[in-house]
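Residue numbers (this note's numbering): 290 to 416. A virtual CB, placed ideally from N, CA and C, is assigned to each residue, including glycine. Worksheet for the structure shown next.
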Amino acid sequence: MTTCLAISHGQIAQAFLEAAKQITGECSDIYSLNCDGGTPRALYDKITHLIESENLKDGLFILVSLRGGSCWNAAAKVAKEYEKVELISGLNLSIVLSFITKREHCGFKELAEVLLKDGVRGISRLN
């Protein structure tokens with residue numbers, strides 16, 4: 290099964306995962322990290338440890354809160370080094386719920402496109 294790792298500053302990533310679990314029930318193969326107080330190298334090491342310690346043959350989606358920040362930079366280095374790793378910024382609850390509910394029904398590359406669309410669709414304005 291495809292795995293997800295959400296990364297953010299503070300506890301945002303963990304909060305999104307907890308909210309998603311309240312909505313969908315218990316979920317396996319979903320993890321969170323925060324990048325507070327550590328170096329980009331330390332975050333890189335945590336991500337690679339997860340990849341190497343878990344059986345991620347179906348791939349890993351790394352969802353980060355902000356493109357270009359330290360979380361993104363560490364994850365981007367990992368994504369360039371490992372074949373089946375997708376990196377997406379703009380972490381929100383819509384993306385997490387989409388991952389949980391659609392990962393078993395989509396191929397790896399297709400799921401990346403679905404997550405992008407669903408994440409954007411989750412942002413709206415009532416006028």
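Range covered by the alpha helix (DSSP H) that runs through residue i
i: Tyr320; result: Counting along the chain, Tyr320 falls outside any alpha helix (DSSP H), though it belongs to the beta strand (DSSP E) covering Ile319 to Asn323.
i: Leu306; result: Ile301 to Thr313
i: Ser387; result: Leu382 to Lys391
i: Gly408; result: Phe397 to Arg410
i: Tyr333; result: Pro329 to Ser342
i: Ser434; result: For residue 434 there is no data in the structure shown, the boundaries of the chain being 290 and 416.
i: Cys360; result: Ser359 to Glu370
Limits of the unbroken beta strand (DSSP E) element including residue i
i: Glu244; result: Residue 244 lies beyond the residue range present for the chain, which begins at 290 and ends at 416; the question has no answer from this structure.
i: Ile351; result: Leu349 to Val353
One or two residues paired with residue i in a DSSP bridge
i: Ser297; result: Asn323
Residue i in three-state terms, based on DSSP
i: Thr292; result: strand
Between the CA atoms of residue j and residue i - distance to the nearest angstrom
i: Asn344; j: Met290; result: 9 Å
i: Glu399; j: Leu386; result: 16 Å
i: Thr313; j: Asp334; result: 30 Å
i: Ile389; j: Thr292; result: 9 Å
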